[in-house]
Every structure is written in C-alpha cells, then in structure tokens.
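From first to last, the protein sequence lines are chains A and B. When we follow this note's numbering, the leftmost residue of the first sequence carries the number 6, and every step to the right adds one. When we follow this note's numbering, the leftmost residue of the second sequence carries the number 6, and every step to the right adds one.
Protein chains: 2
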Amino acid sequence: MNPVEGALVKRLDLIAELTDEDREALAALPITLRSVEAGADIVEEGQRIRDCCLLLSGFTHRYRTLIEGKRQIIAFHVPGDIPDLHSLHINVMDHSFAATVNCELAFIPHEAIWQLCTKRPAVAAALWRETLIDGSIFREWIVGLGRRTGLQRTAHLLCEMAMRLRAMGHSDGLRYHLPLTQNVLADALGLTVVTVNRVLQELRQADYVERERSRMTIHNWPALARLAEFDGGYLHMRQPPNMSVEMRPEDAI
Amino acid sequence: MNPVEGALVKRLDLIAELTDEDREALAALPITLRSVEAGADIVEEGQRIRDCCLLLSGFTHRYRTLIEGKRQIIAFHVPGDIPDLHSLHINVMDHSFAATVNCELAFIPHEAIWQLCTKRPAVAAALWRETLIDGSIFREWIVGLGRRTGLQRTAHLLCEMAMRLRAMGHSDGLRYHLPLTQNVLADALGLTVVTVNRVLQELRQADYVERERSRMTIHNWPALARLAEFDGGYLHMRQPPNMSVEMRPEDAI
DNA sequence: CGGATTGTTGAAGGACGTCAAAATGTGTGG
DNA sequence: CCACACATTTTGACGTCCTTCAACAATCCG
C-alpha cells in the first residue's frame, strides 16, 4: 500500500472497524495528487464539485466571509482528514476551503467513492461516520463560541488539535506543529487578533503552554483541559489517546 | 400511507430524489409512537441508543450543559426532522436531546434503518444527506456565533425557522408558531435573557417582526434577511420556498 | 538589507453580562 | 370565576470582556 492510501486507511481505522478487504478496496481508489500553496483557495463557496480530497500533508481550513470582510473559520483539517467529504452528497459548497500552509492533496472522484460504497457497505458506514464526527466537532465549536470565554475557547482548541494530531501520529506527546497565525486563530475563535494575543500570553504566563514559532508545547495538560472543560469524547475515536500521559524526553522530536 | 410515514417521506422528498419503491420501503419501517412532555429529556448525554426518532409534532432542541450550569442549545428541530439520525453511526450521545414543548415522536430501530439502507441505496443517500444538512446548519450557527452581533444572530434564527417551517408546510407565509421562551432563545443564541429581550424589542420597534404569545410574524422579510445576512442556501433544499413572496391575507391562519 | 507579514502594547469605547426588582402572563385549585 | 403561585417578560444600573484604533517591535523572506 502506498503512503497515500495508507493515510486514508489509517484515518478510517481510527474511527471504524474495517476488514482487510475494505482496506484493499480503499487502497484501490484512483487518486490525483496536487500541491497547493499556502493561502490559496482549494474550493470556493458556491462551486459545484466532483472530487473529494484527502489531506496528505499541511494544514487546511474551511471558512465563510460576511459582508464587511468578517471571516469565520469553521473547521481546521490535519493530514489524514477528508475536508470536503460532505460534498459527496451536498455538492454545492456553502463555504470555502483553503490551504492554511503549503499542502499536498490527493483528489478522489465522487464516482469512485460511490461505487466503493455500494460494494463495501462497511466503507460507506465508515465514511458516513467520518462526516458525522465532523458534525460533532461543529457542535463542540458551537458550545464554545456560545458559552465559553475567549480564554477557555482558545484552550479548548489547543486541546482539540493536540488530540487529533496525536491520534494521527503527527504529534509526539504534547508537542505539535500548529502553523496558524494569531489572525487565523482569531477568525476561528470568534475573537480579534488583539484578544488572541493577550489570551495566548495568559496561557503562556500560567505556564500551561509554550509557543515557539509554530511549535506548540502543552506543559500542563490537566490544567489546560480543566480550564477548557475539554472532554475528547466528541471526537469519537475508537481508542482515544491518553493525553494525561506525559511524553518521555527521548520521544521528543 | 399513514401520516407517520407520510412525514418522513415528505421530509426526504424535500432534500433528495426518491422513487416510489423508496417511498414504499420507508413507509414499511416499524415504528413505536411516544408522547413526551414539555421540558423532558428524550435522550441524555453519554447514553447509548438503539433507535432514531422522527418528530411528528411539537418542537425539540439539542443541548449541552457546562459546569456552572451554562447551557448551549445546538439545534432546534421541527416536525418532520429526525433529530438523532446521527446516532445511527455514532451511538454514544455527546449531547442531550429534549422536548421544548409537548411532542409526538415515532421511534424507529437502528436495525431496521440499516436493513433499509442496504436494500435501497437511494434511501441511504437521502439519510446521509439529511445528516449532512444538519451539519451545514451547525456551520451556519458557528458563523453566527463567531461573527454576527446579537441582533443579527436573532434575526438569522427567525429567518431560518421561517424557511424550515414553511418548507415543511408548518407556516403559512411568514407567520409561524415558535414556542420558545426568551430563555431558550438566549441559550441558543449565546446571549442572556436580558439581551434577547432587548434585541426582540428592537426588531419589533423596527417593525421587522411581531410576536404575540408564541406566534411569530415577519413583517419585513427583505429587511430582516438583509440584517441577518441570511441566505437559505445552506439548508440545501431541492426547491427552496420563495420567502420574498408575501402571503395573501386569505391564506392567513 | 529592506519591505511585508506577524506579533505586541496601550487607551478608549461598545456590546453584552450580571444583578435585582417590577410587571405581566399563565395555570391551578378553591 | 376569582385568588394565588409560578413562569416569563421587561426595565434599570452598573461592570466587564472584548473590540477598535493606532502605533511600534519582531520576524520572515527574497
């Protein structure tokens, strides 16, 4: 199995139970590779699309822009995610989708996925489940935007990204690469850059987290999770990583 | 076809293309009727469930409660909706689900739906699509909570409910039954009761809407939609109702 | 090295929250 | 049909979290 399909199988294994036949069928999907530059739109609002894409490397976000230029980021995606899987059944995009940093993507035609779903119901179920988990994350964001303070919201996002990245093996312990400017963070958290800046300083001064360039380190997971009232259950992983376990120094990247 | 399955078919017809065979198969689903009193929880967070339910009459909401008792409502559901369809593939609830007012519900075992999905792929697609639209509404709420003012958010919710109810035939024109206290509205809009009260007064004084008991009347749809920056596209209906058309007096209930 | 992006800081204002109480509506039992 | 309890709506005063505006420092990148 080449690394491209490997990522897809790994992702679905994380959330659903697949047989070897399912995995082989997934690996047989036709794909087209494409690189996208940081900041570029991959799909724009209103567009009708015929492929889903699998994020291989990099970081993407989905967003909507209101008049007056206000932007709200709706979701972040990490390698292994299929950011526009929903397009399989809702093919007119109601939001845009962009590369946060330079990305490698694998495009898969809807047609091929439909055929696969017919042949392998377990894969269909896994993909459906994947879109439902996407929705579950939306719900958690709604709760945060509606009822958490800026500080808690920020802490919550840092927890979520830590857990998602660690589950996919893109984090060793509590240290991970989060290539987001404060501007991008602000648009995801429903805050302004200024507030994000101050909130991050607060988290830093409490020694909950550290941030050097785009490298995030969580120094005090229990405190951060308590502050954010974070419970990873909404990510619905089959085997959630135990985030309370400190990484050993020799595992550090 | 009895009225119960009628509601289900009507709902799915709204968003997907079904054949007569699909409709018959839907009508053959085994159901259990149940009434739930206003305010009662139907499903609680953490629970594992084996049935989906179709809302026949009434109004329900889904919510999460944070420590300190802060509550955030995540979604409202109107007759014809299947509020917990996601449980089909994510059977541990990450939020609670309650009856806003007295409700009539039809429960359908997951097992029966799975079987139907295997036999009739079009139904599976329609149901999947239904869960994706649910997610689309979440995204719109995220945008609102993150980037719209309290006033805009409230206006947006009133537009959304108007369109959803009208599509299901539960509204004549721009007048509909919205049995939500200001407290409930506040928890959905991420505001406090006090603010909701003032915002509603503002909308009333501008003569955008009127509210008598739980009967909402939108007097100035264009203005309300403009204020909210409402575009119903995210509801992904096959034939969106034209809300700009005024109802004729003789159609009024 | 120099322009552009990103991060940081301060001061002032506004949207919304909190607290508390009054007014109004609603359901129930006598 | 009235009286009473209770839920809901409304109002006012005041506090605070976050925004806005504006400037400057640090960092990135060719």
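Beta carbons: idealized from backbone N, C-alpha and C, even for Gly.
Close partners of W133(B) in chain A (Cβ separation under 7 Å): H94, W133.
At least one beta carbon of chain A lies nearer than 8 Å to the beta carbon of G195(B). For the region 216-237 of chain A, the set of positions with a beta-carbon nearer than 8 Å to some beta-carbon of chain B reads E234 in chain order. Your pair R53(A) and P114(A) does not check out as a contact, with CB atoms roughly 14 Å apart and the cut at 8 Å. Closest in C-alpha terms to L185(B), from the list R69(B), T105(B), A160(B), comes T105(B). From the beta-carbon of D139(B), the residues of chain A found nearer than 8 Å are G140. P126(A) belongs to the set of residues whose beta carbon lies under 8 Å from a beta carbon in chain B. Residues of chain A whose Cβ lies closer than 7 Å to the Cβ of H91(B) are, in chain order, L137, G140. Within the region 122-152 of chain A, the complete alpha helix (DSSP H) segments at least 4 residues long are 126-152, listed from N- to C-terminus. Counting only residues of its own chain and dropping the five nearest sequence neighbours on each side, T24(A) has a CB closer than 7 Å to the CB of A127.
The beta carbon of V14(B) sits no closer than 8 Å to any beta carbon of chain A. Per the coordinates, the alpha-carbon of V48(B) lies some 15 Å from the alpha-carbon of F81(B).
For L163(B), the enclosing alpha helix (DSSP H) starts and ends at 155-172. Taken in chain order, the complete beta strand (DSSP E) segments of 3 residues or longer contained in the region 18-84 of chain A are 37-41, 46-48, 56-62, 65-70, 76-82. Of all residues in the region 66-88 of chain A, those with a C-beta nearer than 7 Å to a C-beta of chain B are R69, L71, I72, K75, Q77, I79, reading in chain order.
By the Cβ test, the region 221-239 of chain A is in contact with the region 154-173 of chain A, since at least three Cβ pairs between them sit closer than 8 Å. Legend: CB atoms of the region 237-251 of chain B lying less than 8 Å from CB atoms of chain A belong to residues G238, Y239, H241.
By a beta-carbon distance limit of 8 Å, G238(A) contacts D99(B). Their separation comes to about 6 Å.
Per DSSP, the continuous alpha helix (DSSP H) segment holding P227(B) begins and ends at 226-233. Distances from the alpha-carbon of G174(A) to those of R153(A), T123(A), G44(A), S62(A) put S62(A) closest. At a C-beta separation below 7 Å, A130(A) has these neighbours in chain B: H94. Against chain B, the CB of H100(A) has a partner CB under 8 Å away; the residue lies at that interface.
S249(A) sits in coil when the DSSP states are folded into three classes, being neither helix nor strand. Among the bridge pairs identified by DSSP, P184(A) is matched with none. For L179(B), there is no enclosing alpha helix (DSSP H), as DSSP marks it with neither H nor E.
If you ignore the 5 residues before and after L196(B), its C-beta comes within less than 6 Å of the C-beta of G155, all in its own chain and listed in chain order. Taking 8 Å as the CB threshold, I147(A) lines the interface with chain B. With respect to chain A, the C-beta atom of G151(B) has a partner C-beta closer than 8 Å. Take Q157(A), set aside five residues on each side of it, and the residues of its chain with a beta-carbon closer than 8 Å to its own are G149, L232, A233, E234, in chain order. According to the DSSP assignment, T222(B) belongs to no alpha helix (DSSP H) but to the beta strand (DSSP E) extending over 220-223.
Here G85(A) really is in contact with L60(A); their C-beta atoms are around 7 Å apart, less than 8 Å.
Secondary structure of L90(B) (DSSP, three-state): helix. The three-state reading of DSSP puts V204(A) in helix, counting H, G and I together.
Annotation for R39(A): L110, F112 place their beta carbon closer than 7 Å to its own, counting only its chain and skipping 5 residues before and after.
Secondary structure of I95(B) (DSSP, three-state): coil.
Residues of chain A whose Cβ lies closer than 7 Å to the Cβ of R203(B) do not exist; the shortest such Cβ separation is about 18 Å.
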